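Scroll down for the structure; my scribbles are underneath it.
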Amino acid sequence: MPMDISWSFNGVPIDILKDTAITISRISKHLSTLSIDGVSARHAGEYACSASNLAGGVSRSATLTVNVAPQIIPFDFGDEPANWGELVSVTCSITKGDQPLDISWAFNGTPIDTSRGSDVVVASTNRKNSVLTIESVAARHAGEYTCSASNRAGATSHTARLTVNGT
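full-length UniProt numbering puts the first residue of the sequence shown at 1, with every later residue one more than the last.
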């Protein structure tokens, strides 16, 4: 008995979607597979496979969750060196990435510890932004500052150099 097998994504037949990343293969009269090449966030949703013949039909579905790694907007301390005593601030903003996100800062490769009355302050303005502020910049603050962001899908970082006049 001939069998009709079809696939849908969020209720829309996949053959209508015209998504070149999705491939449906008919392996045999009774077996069909769906493959996604280069899966991305746009592929997250409910996939259903329906099979029918003269005796009846059945449909089964599964939900695909796509985890997205974080992405940082590049930042810098500006084109000019900072002057001694100035307040310096830079924001690390995450444009993409699933929660929970872990955002941290390092200075010349060493994690920044702000717990003991440091003049370097790190504050989160929301779940996707972290601000590093130096209250009164001095020669010891010159160097590379790295913002790192990670979640269950991956990790990324961005580094900016702070130069201070007279160093």
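In this text, a Cβ means the ideal position worked out from N, Cα and C, and glycines have one as well.
All values derive from a computational prediction rather than experimental measurement.
{"query": "Exposed unless 16 or more other CB atoms sit within 10 angstroms - verdict on His30", "result": "exposed"}
{"query": "Any beta strand (DSSP E) of 3 or more consecutive residues that is wholly inside the UniProt domain \"Ig-like\" (70-163)", "result": "88-96, 102-107, 120-126, 129-134, 143-151 and 154-162"}
{"query": "Supposed contact pair Ser35 and Thr20 - C-beta distance, whole angstroms, cut 8 Å", "result": "About 12 Å separates the two Cβ atoms, so there is no contact after all."}
{"query": "Residue from Gly38, Met1 and Ser40 with nearest C-alpha to Ala55", "result": "Met1"}
{"query": "Pairwise C-alpha distance: Gln99 and Asn83", "result": "37 Å"}
{"query": "Bounding residues of the alpha helix (DSSP H) (the contiguous stretch that carries Leu17)", "result": "Ile14 to Leu17"}
{"query": "The stretch 140-154 touching the stretch 105-112, judged by at least three CB pairs closer than 8 Å", "result": "yes"}
{"query": "Close beta carbons around His141, own chain, < 7 Å, minus the five adjacent residues each side", "result": "Ile134, Leu162 and Val164"}
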